[in-house]
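Just so you know, we're using UniProt numbering here: the sequence shown kicks off at 1 and counts up by one.
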Amino acid sequence: MNDLPEDCRESRLEYLEDFNHINLHARRRIWEGLRNLNNKIKAPWIVGGDFNVIYNWNEKRGGRLADDGSMMEFNSFITQSGLTDISLNNSALSWTNNQQGSCRIYKKLDRVLINSEAMIKILGNKSVYLPRVQSDQMPMLISFGNSEVKAGSFIFLYMWCDHEDFYKLVEDCWKFPSHSNGLVNLHMKLKFMKLQFKNWNRQVFGHVDRNIEILTQKVQDLDEQLVDKWSEEIFSSLQVKKDNLVKWENRKFGDRNTNVFHTAIKDQARRNKISLKLDNGTETDDPDAIGNLASKFFSDRYQGSRYFYNENLFSYIPKLIYEADNDLLTRVPLKDEIKNASFLHETMRAFGFNERWIDMIFRLHNNCWYSIRVQNQVFGLFKASCGLRQGDPLALALFTMVMDVFIRNLKFKIEQLHIQEFQCSRGVKAASHLLFGDDVLIFSNGSLRSVRQLKLLLHDFCHAFGQIFNQDKSNFFGDQKRFHWIAWYKIAKPIEEGGLNLKLLTDSSFY
């Protein structure tokens with residue numbers, strides 16, 4: 001409780017519990033009193049304990065159906081009182097009757113409700129259920145304390161453009177000497193401009209009360225000047241100052257009636273708070289610890305795995321790029337070619353590029369760095385050496401080129417009858433595969449030999465290129481079960497010959 005705000009430490013905490021022995025009428029009187037308390041007292045307060053009523057149908061398992069009337073009254077009480085349930089584990093059923101078998105009943109009867117003022121002022125509030133050991137109810141652990149709010153990443157605000165000093169600030173920042181050239185010069189100027197924007201925003205837009213006071217005084221002075229002598233120039237200036245004053249007052253007072261909105265935002269931030277279970281079995285909600293663990297996990301995840309060269313996979317790839325093509329690709333590009341670089345990316349689907357071209361492409365593709373954002377904080381800066389990046393045409397072209405190796409090997413095995421092709425209707429060309437991004441749908445015969453050869457090809461391909469074959473997300477889809485039709489003349493055979501001894505219409509002895 002030491003981390004509570006100053007105006008909350010001296011507040012009296014009213015804690016109501018154990019509604020088990022209170023009848024319905026007494027409970028209604030208590031709820032009516034709490035509603036009146038919320039209307040009279042504009043201070044942080046909470047109410048918690050065993051309410052002996054559930055909130056919805058999901059909060060009960062077993063037994064008879066719950067009373068709809070009690071649930072509706074309880075929901076109405078929470079809504080009209082402006083309270084919020086701060087239980088982190090909403091699925092926990094805190095009470096049980098300790099019976100066995102089908103007689104056992106679970107309910108969520110224990111909860112902690114907090115009003116909107118406490119939700120706004122006390123950011124680090126939460127309640128968790130502890131394990132049920134000797135009691136029929138789960139103990140609740142309630143904690144309060146302001147979460148440490150750290151500065152977030154830089155965000156450009158569009159309202160800056162409307163300020164009269166904005167473009168002058170940009171011009172002054174761009175004239176700042178960085179003593180560097182090229183992209184380094186651009187980086188240094190943008191970095192300096194970001195710092196200046198932060199300071200300028202804090203000085204100009206941060207002191208709202210001071211700006212309102214200055215504008216109010218200017219409006220009064222201009223109004224007094226108009227009283228002495230009318231002037232169109234003074235009147236126009238007065239209207240501008242009034243409009244600016246209204247804007248600044250809206251920034252300060254415009255959200256006074258949005259208490260519900262602020263409460264919802266604070267509750268959403270509380271629910272989005274992340275907790276992580278460590279290797280030693282303990283849990284932590286420290287953003288720094290979670291961010292470092294997430295950064296380490298994804299850094300290891302995006303490192304390329306070891307691959308093994310298999311020259312047999314490249315035996316069926318035709319050489320399509322020759323020296324003249326390589327000279328064209330590796331020469332210094334023109335300005336128009338730089339603008340239309342996506343045209344050259346399409347040529348990566350073929351093979352035969354020289355080492356210089358390959359080095360240029362992979363230097364560009366592998367120079368990709370990632371950071372992890374956890375609760376408005378940025379952690380880590382690691383390099384990814386594998387993975388398909390969305391929106392990157394070069395990565396898509398390289399991935400298509402790699403998959404072309406697999407497809408050509410698949411077609412070769414089908415041509416050599418190692419894998420029997422999928423049989424289609426007469427006149428329909430058999431399909432061997434379909435590609436959907438990084439998902440592959442392969443069509444083949446369902447014989448054991450074909451499946452084994454296909455599995456061997458997938459193993460060699462993944463082993464050679466370091467890709468991971470996800471068996472959990474892969475499956476074999478066979479044909480539907482067919483009926484085995486028997487000819488009618490076989491059914492009409494005598495029982496001794498395996499038939500049912502039925503008469504044929506063509507049998508002369510039938511008539």
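Ideal Cβ positions, reconstructed from N, Cα and C, are used throughout, including at glycine.
Starting from the C-beta of residue i, find all residues in its chain whose C-beta is less than 8 Å away, skip the five residues before and the five after it, and write them out in chain order.
| i | result |
| --- | --- |
| K42 | E117 |
| S231 | Q225 |
| W95 | D50, Y106, K107, K108, L109, D110, D136, Q137 and M138 |
| T330 | N354, R356, W357 and M360 |
| F154 | K194, F197 and K198 |
| K229 | none |
| G498 | K490 |
With distances taken Cα to Cα, identify the nearest neighbour of residue i among the options.
| i | options | result |
| --- | --- | --- |
| D50 | N36, F74, I234 and D67 | F74 |
| V374 | M72, T400, Q453 and I290 | I290 |
| K108 | D136, L448 and F436 | D136 |
| K194 | T216, W160 and V219 | W160 |
| D279 | R202, L293, D286 and L457 | L293 |
| N56 | G48, I46, D68 and R202 | D68 |
| N312 | R35, N115, L457 and S425 | L457 |
| K126 | L396, S275 and N201 | S275 |
| S76 | E32, C103 and L65 | E32 |
| S315 | H187, F412, Q377 and N326 | F412 |
| I114 | I78, S102 and V246 | I78 |
| D85 | K503, R61 and W45 | W45 |
| D285 | H179, V184 and V128 | V128 |
| residue 527 | S180, A395 and F192 | No statement about residue 527 is possible, as the shown extent of the chain runs from 1 to 511 and does not include it. |
| C103 | W485, A66, G62 and M72 | G62 |
| R28 | M72, L65 and R64 | M72 |
Alpha carbon to alpha carbon, how far is residue j from residue i? Give it in angstroms, no decimals.
| i | j | result |
| --- | --- | --- |
| R132 | Q99 | 14 Å |
| P139 | D165 | 58 Å |
| I83 | N38 | Strictly speaking, residue 83 in this sequence is Leu, with Ile absent from that position. Their backbone Cα atoms lie some 9 Å apart in a straight line. |
| V451 | E415 | 16 Å |
| D7 | D162 | Residue placement at D7 is poorly supported in this model, since its pLDDT is 48, which falls under 50; the coordinates are not used for a value here. |
| S70 | V47 | 18 Å |
| S474 | K455 | 12 Å |
| A397 | M403 | 10 Å |
| G182 | K189 | 11 Å |
| V428 | A92 | 57 Å |
| I419 | F297 | 39 Å |
| M238 | E213 | Strictly speaking, residue 238 in this sequence is Leu, with Met absent from that position. Their Cα atoms are separated by approximately 15 Å. |
| W248 | S236 | 19 Å |
| W488 | I495 | 14 Å |
| F476 | L448 | 12 Å |
| N36 | A26 | 15 Å |
| Q453 | H463 | 15 Å |
| E421 | W485 | 26 Å |
| I54 | A66 | 8 Å |
| K60 | G101 | 16 Å |
| H179 | D327 | 37 Å |
| K40 | I30 | 15 Å |
| V246 | M119 | 29 Å |
| N97 | E283 | 30 Å |
Can you list, in chain order, the residues of its chain with a C-beta nearer than 7 Å to that of residue i? Leave out the 5 residues immediately preceding and following it.
| i | result |
| --- | --- |
| H433 | I407, L410, V440, L441, I442 and F443 |
| R12 | With a pLDDT of only 49 at R12, under 50, the local geometry of the prediction cannot be trusted, and no value is derived from it. |
| N211 | W248 |
| R200 | The sequence given here has Trp at residue 200, not Arg. Result list for W200: L169, in chain order. |
Excluding five sequence neighbours on each side, which residues of the same chain lie with their C-beta closer than 6 Å to the C-beta of residue i?
| i | result |
| --- | --- |
| L500 | I491 |
| G478 | G446 |
| S295 | I372, F379 and G380 |
| F461 | F406 |
If we call anything under 7 Å between Cβ atoms a contact, is residue i one with residue j?
| i | j | result |
| --- | --- | --- |
| F382 | S299 | yes |
| R111 | S87 | yes |
| L130 | L141 | yes |
| I317 | F353 | no |
| K277 | K241 | no |
| L222 | N244 | no |
| L34 | S81 | yes |
| P287 | Q423 | no |
Mind checking if residue i is an interface residue toward chain B, Cβ cutoff 7 Å exclusive?
| i | result |
| --- | --- |
| D50 | Within the model displayed, chain B is absent; a lone protein chain is all it includes. |
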